[in-house]
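S.K.: My numbering puts the first residue of the sequence shown at 787, with every later residue one more than the last. Here a beta-carbon is modelled for each residue, glycine too, at the ideal position from N, C-alpha and C.
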Amino acid sequence: MNRASRPRLLLRRLHKVMGGRGSGERRLKRVVKEIASNLEAEVCSVYLARADQTLELFATHGLKQQAVHKTRLKVGEGLVGLIAERGEPLNVPEASAHPKFVYLPETGEEIYRSLMGVPIRRGGRVVGVLVVQSAAARTFQEEEIEVLQTVAMVLAELLSTGDVIDRRELEGKTEASDEPMTLEGQKLAEGLAIGVAVFHEPKFEVTRLVADDTALESRRLKSAFERLRQQLDQMLAVADVATAGEHREVLEAYKMFAYDQGWQDRILEGIDSGLTAEAAIERQLQEIQARMSKTKDPYLRERLSDLEDLSNRLIRVAMGYSGKDAHEKLTRDSIVIARAMGPAELLDYDRKYLRGIVLEDGSPLAHVTIVARALSIPILGQAKGALSEIESGDTIVVDADGNRAFVRPTPEIEETYTSSLRHQAELTAEYAASRDLPAVTKDGVEIELHMNAGLLIDLASLEMTGAAGIGLFRTEFQFMVSTQLPRLEAQTHLYKEVLDAAGDKPVIFRTLDIGGDKRVPFLQHDEEDNPALGWRAIRLSLERPGLLRYQMRALLAAAAGRQLNVMFPMVAEVSEFHQARDIVMFEVNRVEKLGQQLPTEINIGAMLEVPSLAWQLDALLYEADFLSIGTNDLMQFFFASDRSNPRLIDRYDLLSPPVLSFLFSVVETCDKAGVPVTLCGEMGGRPLEAMALVGIGLRRLSITPPSIGPVRMALRQTNYEKLRDWLLPKLNSPVHSLRKELKSFAEEEGIPI
Ligand code: PEP
Ligand code: MG
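And the structure:
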């Protein structure tokens, strides 16, 4: 029998058995018999996962029949449990020699030496394990593993009918509950949303798996690819995503996948082995999922979720549906619940009703996250249990900022959040109306409120908030969302757009701040014990000067004929500032030599994020044009307290005497040197903190756009001199925090915080 015909034959047989008469279990028994005989193995067994996470023997050919429904293994227990845990095939010639082997006397399996097994997957989950065993100590061939994987996929469809095992159990659902509950998660896109739960069903059930005519299936696949590409082109032309920006780059990169010939060829191989077009797409996806599902690399995970999204879309198209058909049509305010979602799937929903998203997985750099942020749709990610605990139609309150979602909330909770949403809408309108008012204290001290940005989509906020400029443009975002190193033209283009949008308002570009937790796909990062203290930011730029030089080239070109402000992140000592500045000057000289136009003015500054620099501040200020205090990093080093460790979040307070007196002395030193100083950490965006910072002398804050309105309103009610006289004597106090006292002060003064 040739290579392709054996699996084809097996698939045909299975198809017949599955479509035949008899109970689900009887058919399953015949299925395992067919598989054993096709693979020339004495044993074939199916284990299925119960809701309590045990794997139960459901059918076997070759093992003792009395073990069926009796033999149970935990996930991770024995070789079967190992396959389920890892989600990968296992192929061992001498099973009893494997460290994970457990002996199950009731099965009579002791006479079988070799074992090969593959996971049975459904909806991205391992729902069972398919195993063959043989008396000889043989290693199964690579092709045999592939056949078993194909069969496992076909089996998953047999199971989906619910004849063998309850569908709810298969979906990993526990007993339905109508009790209110809270799901913990992670804020991926900020905001608050209320709506009814709608399950994102990214997949159409592939019901026809075995092909009658291979040539016809190949043609169907090719034409599905054609239509998919057309659909994506149309989708990217829709107005609210058609504008340039990082979300656009994400979507373009996604589209590139659809043009990948290698992907198409691998699916064609599946058709060649006897599958229909849609089953071959699914099979190819499962193979990649099995290989990549354990990867922690965020870049690879993102590629995988793009591929899942596209594969599901291709399946729908191959089955003759449009890309949107899989989604329930939203008819009222809805919260979409999913394990993960691709960016294009999000765009399929009617934005009029899509209020928020809850994902079991998801990450801050996921493409769906970037697109959702651009569209102001809140997302709660890493919400473990969302798929099993939520029922379609449940009311859900997504409190992304609070890292949680309320499922079937009590009337009190629902009312609280509904009024909070109403209040927010009113405030947003109020802030928008106040955007032209100056940020000036009651006693006439002017404060400049700039905004932080990193995506082109943020630029619209300049106008909306009335920010004085962009005090921090995080250039690394463009690198983080690109699949390859952004070329010089792409960098220049972005910087030009930023400067054009800012017009007369100043922009401070921070040079690449990558490394640590900000990883880029095209740069090799070694695992580090302490990434926050590791090879990142300016350290990386000085060791790989090519990156910085290219970036400077782009910045100089974009700012030709206008002002250019750049600053370096994580400067720990003045000599690093010198080295980085030399690189900038090298590029400036190059532009001069080439006779190209230079910026009218170039200002070079440093970020204060590493405490050591504070002890060389006089020397730095002698040379730097400005200083920017990055409290997000600075404070984790100041307190030696990891900013990403949840156990330490409440440990230290930024409104404490040591922080405020340290910042006070930095601001004083800058003022004496006549060097402008800005604070650009998150701290400045909270009204109470902003008030305290103004009290110790800061006059410029750069904060997230939504914070500008609230901070402006608070400062307009503040009497600076009164605050200063009240606050400064407290900077030597031995207390843990001044928060409470600052709050009382604000309340007495009628400052809205
Ligand atoms: C900071 O550290 O305060 C800062 C503004 O930089 P980032 O948050 O981008 O590290
Ligand atoms: Mg920082």
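#1: Hey, could you find the ends of the beta strand (DSSP E) Phe1259 is sitting in?
#2: To the nearest angstrom, report how far apart His855 and Ala870 are at their CA atoms.
#3: What span of residues does the alpha helix (DSSP H) with Glu1200 cover, start to end?
#4: In terms of residue numbering, what span does the alpha helix (DSSP H) encompassing Gly1435 cover?
#5: Using the rule of at least 16 other Cβ atoms within 10 Å of the residue's Cβ for burial, across every protein chain shown, is Asn1238 buried or exposed?
#6: Tell me Pro905's beta-bridge partners as DSSP assigns them.
#7: Since Val1103 and Leu1132 should fall inside the 8 angstroms C-beta cutoff, what is the C-beta to C-beta distance between them, to a whole number of angstroms?
#8: Is the number of C-beta pairs between the stretch 1157-1169 and the stretch 1093-1102 that are closer than 8 angstroms three or more?
#9: Pull up the distance between the alpha-carbon of Leu1235 and that of Ile1489, whole angstroms please.
#10: Would Thr857 be called buried (16 or more neighbouring beta carbons within 10 Å of its own) or exposed?
#11: Would you mind listing the beta strand (DSSP E) stretches within the stretch 1288-1317 that are 3+ residues and don't spill past its ends, in chain order?
#12: Let me check understanding here. Comparing Cα to Cα, which of Thr893, Arg1194, Phe1412 lies closest to Lys850?
#13: Specify the secondary structure class of Asn877 as computed by DSSP and reduced to three states.
#14: How many angstroms separate the CA atom of Val1377 from the CA atom of Tyr1281?
#15: Are the CB atoms of Leu1298 and Thr1261 nearer to each other than 7 angstroms?
#16: So Arg1486 is in the beta strand (DSSP E); what residue range does that whole segment cover?
#17: Is His1364 buried or exposed, if buried means 16 or more other CB atoms sit within 10 Å of its CB?
#18: If I'm right that Pro1462 touches Phe1412 with Cβ under 8 angstroms, what's the distance once you round it to whole angstroms?
#19: For ligand 4, I want to know if Cys830 counts as a neighbour, meaning its beta carbon is within less than 6 angstroms of at least one of the ligand's heavy atoms.
#20: How big is the Cα-Cα spacing for Glu1475 and Tyr1506?
#21: Give the straight-line distance between the Cα atoms of Ala1276 and Ala1500, rounded to the nearest whole angstrom.
#22: Hey, Tyr1040 and Asp1092: beta-carbon distance below 7 angstroms or not?
#23: Between the Cα of Leu859 and those of Arg836, His847, Gly873, Thr846, spot the shortest distance and give me the residue it belongs to.
#24: Just how far apart, CA to CA, sit Pro1443 and Ala1288?
#25: Rounded to whole angstroms, what is the Cα-Cα separation between Ala1436 and Arg1125?
#26: Alpha carbon to alpha carbon, how far is Lys973 from Ile1494? Give it in angstroms, no decimals.
#27: For Asn1418, verify whether its CB is less than 6 angstroms away from any heavy atom of ligand 1.
#28: Quick one: complete alpha helix (DSSP H) runs, 4+ long, within the stretch 1139-1183?
#29: Taking the C-alpha atoms as reference points, what is the distance between Met804 and Ala997?
#30: Could you tell me how far apart the beta carbons of Gly1056 and Ala1044 are, in whole angstroms, since I believe they sit closer than 8 angstroms?
#31: Measuring straight from C-alpha to C-alpha, what distance separates Leu1241 and Ser1004?
#32: So, at 7 angstroms on beta carbons, what are the nonlocal neighbours of Ala1191 in its own chain, with the 5 sequence-adjacent residues on each side left out?
#33: Rounded to a whole number of angstroms, what is the C-alpha to C-alpha distance between Ala1225 and Ile1233?
#34: Taking the alpha-carbon positions, what's the Pro1317 to Arg1296 distance?
#35: Are Arg1221 and Thr1202 close, meaning C-beta to C-beta below 7 angstroms?
#36: Could you tell me if Pro1538 is buried or exposed, where buried requires 16 or more neighbouring beta carbons within 10 angstroms of its beta carbon?
M.R.: Short version:
#1: 1256-1260
#2: 18 angstroms
#3: 1197-1219
#4: Looking at the sequence provided, one finds Ile at residue 1435 rather than Gly. That residue, Ile1435, is in no alpha helix (DSSP H); it is neither H nor E in DSSP.
#5: When all chains shown are included, Asn1238 counts as buried.
#6: Listed as beta-bridge partners of Pro905 by DSSP are Val915.
#7: Taking a contact as a CB-CB distance under 8 angstroms, the pair Val1103 and Leu1132 does not count as one, their CB atoms being some 18 angstroms apart.
#8: They do not touch, by the three-pair rule.
#9: If I take the Cα positions, the gap works out to 7 angstroms.
#10: buried
#11: 1293-1296
#12: Thr893
#13: strand
#14: 17 angstroms
#15: Leu1298 places its beta carbon less than 7 angstroms from that of Thr1261.
#16: 1486-1489
#17: exposed
#18: 5 angstroms
#19: Ligands displayed in this structure: ligand 1 and ligand 2; ligand 4 is not among them.
#20: 14 angstroms
#21: When the Cα atoms are used, Ala1276 and Ala1500 turn out to be separated by approximately 40 angstroms.
#22: yes
#23: Arg836
#24: 37 angstroms
#25: The residue asked about is misnamed: residue 1436 is Asp in this sequence, not Ala. Each residue's alpha carbon lies about 30 angstroms from the other.
#26: 21 angstroms
#27: It does: the Cβ of Asn1418 is within 6 angstroms (strictly closer) of some heavy atom of ligand 1.
#28: Runs of the alpha helix (DSSP H) inside the stretch 1139-1183: 1153-1160, 1172-1175.
#29: The alpha-carbon separation between Met804 and Ala997 amounts to approximately 15 angstroms.
#30: That belief does not hold up - the Cβ atoms of Gly1056 and Ala1044 are roughly 18 angstroms apart, past 8 angstroms.
#31: 42 angstroms
#32: Leu969, Gly971, Val1144, Leu1166, Ala1169, Ile1182, Val1183, Val1184, Asp1185
#33: 6 angstroms
#34: 20 angstroms
#35: no
#36: Exposed, because fewer than 16 other Cβ atoms sit within 10 Å of the Cβ of Pro1538.
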